[in-house]
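The sequence shown begins at 1 in the UniProt record's numbering and counts up by one.
Here the structure comes first, spelled out in structure tokens, and everything after it is commentary.
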Amino acid sequence: MINIIAAVAANGVIGCKGKMPWDIPEDRAYFRKLTKGNICIMGRHTYESVGRPLPDRINIIVSSSQSLFSRNLRTVRSFDEAVKLAQKCSEMSGGEQEIFICGGRRIYAEALDMADRLYLTELDRPFEGTVMFPDFDKSRFELVEQERRDDLGLSFSVYEKKK
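Written out as structure tokens, the structure is:
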């Protein structure tokens with residue numbers, strides 16, 4: 001199963017100058033809870049904004065210019081190559097590990113057609129930013145779960161691809 005996980009402002013912003021334009025500890029905890037023990041695919045810029053491999057996960061970085069390698073970090077040259085490697089890792093775990101697409105914009109755009117599930121932290125207000133979540137056909141997905149957090153001004157929403 002291929003999952004996309006992202007936090008998206010009301011105006012579609014997901015990044016500004018190499019960082020997320022908000023700091024919401026509850027969103028970080030949600031991300032950590034979902035991705036821990038699983039496989040995370042991200043682009044090089046997203047990886048650089050994080051600054052290190054995400055602990056307790058297999059990190060697959062898509063980069064045409066750099067080769068990084070450590071215990072839980074692999075670099076591949078294309079998104080398709082990343083998905084193949086992630087599927088192989090998932091199979092080796094007996095299907096226990098899920099695949100999470102963690103950004104950035106180009107990686108999200110490539111993943112949307114094959115994504116089975118979207119985990120979106122949907123922020124109520126707009127933010128200034130330079131990187132937007134890609135447009136996609138929302139009618140292809142169905143909202144299956146939502147936790148509203150008025151105290152934070154956001155919703156944790158789960159969408160599944162319609163069969």
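Beta carbons are placed, not taken as given, at the ideal position from N, Cα and C, and that holds for glycine.
Quantities reported herein were computed from a predicted structural model and do not represent experimental measurements.
Cβ pair residue i, residue j closer than 8 Å
i      : j      : result
PHE100 : LEU154 : no
VAL13  : PHE127 : yes
PRO53  : ASN72  : yes
GLU98  : MET1   : yes
GLY104 : GLY43  : yes
VAL62  : TYR119 : no
Secondary structure of residue i, DSSP reduced to three states
i      : result
CYS40  : strand
LEU123 : strand
PHE79  : helix
SER64  : coil
GLN87  : helix
PHE156 : strand
MET132 : strand
7 Å CB neighbourhood of residue i in its chain, flanking five on each side removed
i      : result
TYR108 : ILE4, ALA6, ILE101, PHE133 and PRO134
TYR30  : THR121 and PHE156
SER49  : GLY18 and LYS19
Residue nearest to residue i in terms of C-alpha spacing, selected from the options
i      : options                   : result
GLY51  : ALA82, LYS19 and LYS36    : LYS19
LEU123 : ALA9, PHE156 and SER93    : ALA9
LEU143 : LYS161, GLY129 and LEU152 : LYS161
ASP151 : VAL62, ASP27 and GLY129   : ASP27
PRO21  : LYS84, VAL62 and VAL131   : VAL131
Residue burial classification, residue i (beta-carbon count within 10 angstroms, cutoff 16)
i      : result
VAL76  : buried
GLU110 : buried
Beta-carbon contacts of residue i that lie in its chain and below 6 Å, excluding the five residues immediately before and after
i     : result
ASN11 : PRO126
Any C-beta of chain D under 8 Å from that of residue i
i     : result
CYS89 : This model lacks chain D altogether, as it is built from one protein chain only.
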